[in-house]
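Colleague: Handing you this structure, nothing more for now.
Protein chains: 2
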Amino acid sequence: MKITDIIEEKNLKLTSARKELLEILNKAKKPISFEDIKHKIGMDKATFYRNISKFEDNSIVNSFESNDKKRYYEVQSSPHSHFICNTCNTIECLENVSPAKLVGYTVIDVIYKGICKSCNETNL
Amino acid sequence: MKITDIIEEKNLKLTSARKELLEILNKAKKPISFEDIKHKIGMDKATFYRNISKFEDNSIVNSFESNDKKRYYEVQSSPHSHFICNTCNTIECLENVSPAKLVGYTVIDVIYKGICKSCNETNL
DNA sequence: TATCTAAATGCAACTAAGTTGCATTAAAGT
DNA sequence: ACTTTAATGCAACTTAGTTGCATTTAGATA
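Chains A and B, in that order, give the protein sequences. 69 is the number that our numbering gives to position 69 of the first sequence; each next residue is one higher, with no gaps. Take the position in the second sequence, starting the count at 1, then add 1000; the result is the number in our numbering.
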């Protein structure tokens, strides 16, 4: 689906800032932080946060905090879990892990923390 | 195990700030943020963060970020997962959920996000 | 028990994320 | 083209978290 369609589908105004932001998030293919993006965007940071917030309200983007105390944003495509490595702080998307079911709860996202594959191998 | 024993076991200096901090965290029985604690502690915030950091290095405390963009700290007792509700922002400790195994990874902590039991019931 | 030393603390200054109010601008319907 | 409402830029602000430095304290040793 095209970026402009995603925005219009939710009845949001199609502004240049929103196109720019969603395009960068979409290209990234992994969660990125404000720091990652701030030099690439033309808009003010207030606009950045207001649009991120709008996108989150409309389930276009979701976010979570990593170990480095920064918030990471990504386009909500196919639902998937994330693995955050406590050693190297890398964030990986886990496409093939089906989230555990918890009776009574609705599980939307699962974040695993621990030691990633490559850090495990390094320490053999 | 007593609080003073926990600190001494890791060969950390037993200071009054550390005793105070660990006592509050231990009594809380659930993860708490700096904001939750700042009016209860006598120490400076620099001391708070330095001690939290020491405790984390020594696996006495672990922390994670919630939906409200604040970091939550808790004493590492029995390993357990957490559920963060996207609706009411409540953090629950899940004592009886065994973390999923991921081949090649070492899973230390799992954070589930979604809609908690009571919010689910409210929306029936 | 007095002395010593490294580590811990308080304080102040700082950085950076995120928020808010307000005046201006631009999207989209008529 | 006109109008209205929402989006934007800017500046000021709040708050979490960090850092350097002078002072204090835990705890080891004599």
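Here a beta-carbon is modelled for each residue, glycine too, at the ideal position from N, C-alpha and C.
#1: Under 8 Å Cβ-Cβ, which residues of chain B neighbour D109/A?
#2: How big is the Cα-Cα spacing for E23/A and I7/A?
#3: For K1040/B, which residues in the same chain have their Cβ closer than 8 Å to its Cβ, ignoring the five residues on either side in sequence?
#4: Can N96/A and Q76/A be called in contact, C-beta distance under 7 Å?
#5: Find out if the Cβ-Cβ distance for the pair I115/A, T1106/B is shorter than 7 Å.
#6: For T1106/B, would you say it is in contact with chain A, using Cβ-to-Cβ distances shorter than 7 Å as the test?
#7: Starting from Y49/A, trace the alpha helix (DSSP H) in both directions and tell me its first and last residue.
#8: Relative to the alpha-carbon of E65/A, which residue among E1092/B, K1038/B, K1113/B and N1011/B has its alpha-carbon at the smallest distance?
#9: Nearest by alpha-carbon distance to V103/A: which of T1090/B, S1078/B, D1036/B and S1118/B is it?
#10: Quick one: is I49/A buried, meaning 16 or more other Cβ sit within 10 Å of its Cβ, or exposed?
#11: Could you give the first and the last residue of the continuous alpha helix (DSSP H) run that contains D5/A?
#12: Does the beta-carbon distance from S33/A to K70/A come in below 7 Å?
#13: How about P1099/B and S1078/B: do their beta carbons lie closer than 7 Å?
#14: Per DSSP, which one or two residues make a beta bridge with T1106/B?
Modeller: In short, the structure shows the following:
#1: Walking along the first sequence from the start, residue 109/A turns up at place 109. Per Cβ cutoff of 8 Å: Y1112, K1113 and G1114.
#2: For the purposes of this step, residue 23/A is taken as the residue at position 23 of the first sequence. For the purposes of this step, residue 7/A is taken as the residue at position 7 of the first sequence. Taking the straight line joining both Cα atoms gives about 11 Å.
#3: Locating residue 1040/B in the second sequence gives position 40, where the first residue counts as 1. Taken in chain order, the residues that qualify are I1024.
#4: For the purposes of this step, residue 96/A is taken as residue 96 along the first sequence, with counting starting at 1. For the purposes of this step, residue 76/A is taken as residue 76 along the first sequence, with counting starting at 1. Not a contact, by the Cβ cut-off of 7 Å.
#5: Counting from 1 along the first sequence, the entry for residue 115/A is found at position 115. Counting from 1 along the second sequence, the entry for residue 1106/B is found at position 106. The answer is yes: Cβ separation under 7 Å.
#6: Your numbering for residue 1106/B matches position 106 in the second sequence. With 7 Å as the cut-off, T1106/B counts as an interface residue toward chain A.
#7: Along the first sequence, read from residue 1 onward, the residue named residue 49/A stands at position 49. Run containing Y49/A: K45 to D57, per the alpha helix (DSSP H) assignment.
#8: In the first sequence, the residue the question calls residue 65/A occupies position 65. Checked all of E1092/B, K1038/B, K1113/B and N1011/B; the closest Cα to E65/A is K1113/B.
#9: The residue you call residue 103/A lines up with position 103 of the first sequence. Nearest C-alpha to V103/A: S1118/B.
#10: Locating residue 49/A in the first sequence gives position 49, counting from the first residue. Here residue 49/A turns out to be Tyr, not Ile, going by the sequence shown. Result: exposed.
#11: Looking up residue 5/A in the first sequence gives position 5. Unbroken alpha helix (DSSP H) run through D5/A: I3 to E9.
#12: Position 33 of the first sequence, counted from the first residue, corresponds to residue 33/A. Position 70 of the first sequence, counted from the first residue, corresponds to residue 70/A. A contact, by the Cβ cut-off of 7 Å.
#13: By 1-based counting over the second sequence, the position of residue 1099/B is 99. By 1-based counting over the second sequence, the position of residue 1078/B is 78. No, Cβ-Cβ distance for P1099/B and S1078/B is not below 7 Å.
#14: Here residue 1106/B refers to the residue found at position 106 of the second sequence. Per DSSP, I115/A.
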